[in-house]
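A.B. asks:
In the working numbering, the protein residues as written are 769 to 1043.
1) Under the three-state reduction of DSSP, which class applies to residue 1000: helix, strand or coil?
2) Are the beta-carbon atoms belonging to residue 998 and residue 830 less than 8 angstroms from one another?
3) Entirely within the segment 780 to 817 and at least 4 residues each: give me those alpha helix (DSSP H) ranges in chain order.
4) Looking at the unbroken alpha helix (DSSP H) that takes in residue 839, where does it start and where does it end?
5) On the CB-based measure, 16 or more other CB atoms within 10 Å of its CB, does residue 824 come out buried or exposed?
6) Rounded to whole angstroms, what is the Cα-Cα separation between residue 988 and residue 804?
7) Three Cβ pairs or more, each shorter than 8 angstroms: is that satisfied between the segment 857 to 864 and the segment 898 to 908?
8) Classify residue 844 as buried or exposed, calling it buried when 16 or more other Cβ atoms lie within 10 Å of its own Cβ.
9) According to DSSP, what are the bridge partners of residue 1044?
10) Since residue 939 and residue 1024 are thought to touch, with beta carbons under 8 angstroms apart, how far apart are those beta carbons, to the nearest angstrom?
11) Helix or strand or just coil, what does DSSP make of residue 1020?
12) When you compare only the Cα positions, how much space is there between residue 934 and residue 928?
13) Contact defined as beta carbons within less than 8 angstroms: I believe residue 896 pairs with residue 880. What is the distance between those atoms, to the nearest angstrom?
14) Between which two residues does the alpha helix (DSSP H) containing residue 868 stretch?
15) Considering only the beta carbon of each residue, do residue 808 and residue 794 sit closer than 8 angstroms?
16) Does the count of Cβ pairs from the segment 939 to 957 and the segment 975 to 987 closer than 8 angstroms reach three?
17) Would you tell me roughly how many angstroms separate the C-alpha atoms of residue 995 and residue 1006, rounded to the nearest one?
18) Between which two residues does the alpha helix (DSSP H) holding residue 826 run?
19) May I ask which residues mark the beginning and end of the alpha helix (DSSP H) holding residue 975?
20) How close, in whole Å, do the beta carbons of residue 958 and residue 856 come, if the pair is a contact with beta carbons under 8 angstroms?
21) Where does residue 785 land, buried or exposed, given buried means 16+ other C-beta within 10 angstroms?
22) Inspect the beta-carbon positions of residue 839 and residue 991 and report whether they are closer than 8 angstroms.
Given below as structure tokens:
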């Protein structure tokens, strides 16, 4: 029986291997290309590096890369922290309190997910200038938070609805207020939701290009996606340099994922059992 069960799972294993190849191969080629010289990359772009060199990393680290990296890190971390706090608090009444506007408000958050970002560029650009935040990294946080809140509220709401209400009833009997009840009792149970929201929004904000391009103009306030243009020359492109910058730029994403993946898996498993 065990052999038959394993045999029946073979298509799933095969599909997983195929997906791993399609997703892992580009990253592997990116990392291997970062250790090549420009000449070696031009002559053999698909092969493994014959002579490992760290010249591309030296070029990247001697440029303004660390400034771009720091700007992206500040914007991403601050934005994600604000999104988690606001979305978690906004989801509590939607999941627990019954009132007439409960459903319409939830639908408004769904509609917020459907708004095309590009249609808001001009109003946000003008608003940022009027607020004196143009060409500052702080001017990027507002739009990032605004567009991240709808999906984050929905995620938190779904997780909160799966938490038994008996916990809150016991806390209220002991005289626990709403604010303390949420942050001391419910929020610690939302770690899978926090991890999901953090990873989803961190990846999006870290890689975001359009708002950073429109709302900043100086190199001092450029984020990492904008800074990568520095490696594009007028007549040539430093491909190994770009690959080295991308490799270094991907490290925070990998770190965030590996730190939070256990919480996400536990949340998915818990949701499947309750479902």
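Yeah, the Cβ is synthetic: ideal placement off N, Cα and C, and Gly gets one too.
C.D. replies: So, from the data block:
1) Note: residue 1000 maps to strand in three-state DSSP.
2) The answer is no: Cβ separation not under 8 angstroms.
3) Taking only runs of at least 4 residues, the alpha helix (DSSP H) segments lying wholly in the segment 780 to 817 are 806 to 811.
4) Where residue 839 is concerned, the enclosing alpha helix (DSSP H) stretches over 833 to 864.
5) Here residue 824 is buried, its C-beta having at least 16 other C-beta atoms within 10 Å.
6) When rounded, the distance between both Cα atoms is 29 angstroms.
7) Verdict: no, contact absent.
8) Only buried fits residue 844, as 16 or more other CB atoms lie within 10 angstroms of its CB.
9) With the chain covering only 769 through 1043, there is no way to say anything about residue 1044.
10) Not quite, the Cβ-Cβ distance comes to about 32 angstroms (not below 8 angstroms), so this is no contact.
11) Helix, per DSSP.
12) Residue 934 and residue 928: Cα-Cα distance of roughly 13 angstroms.
13) A Cβ-Cβ separation of about 20 angstroms leaves residue 896 out of contact with residue 880 under the 8 angstroms criterion.
14) Where residue 868 is concerned, there is no enclosing alpha helix (DSSP H), given that its DSSP letter is neither H nor E.
15) No, the Cβ-Cβ distance between residue 808 and residue 794 is not below 8 angstroms.
16) No contact exists between the segment 939 to 957 and the segment 975 to 987.
17) The alpha-carbon atoms of residue 995 and residue 1006 are separated by roughly 14 angstroms.
18) If you look at residue 826, you'll find it in the alpha helix (DSSP H) that goes 823 to 830.
19) Run containing residue 975: 959 to 975, per the alpha helix (DSSP H) assignment.
20) So it is a contact: roughly 7 angstroms between Cβ atoms.
21) Exposed.
22) Cβ distance < 8 angstroms, so residue 839 and residue 991 count as in contact.
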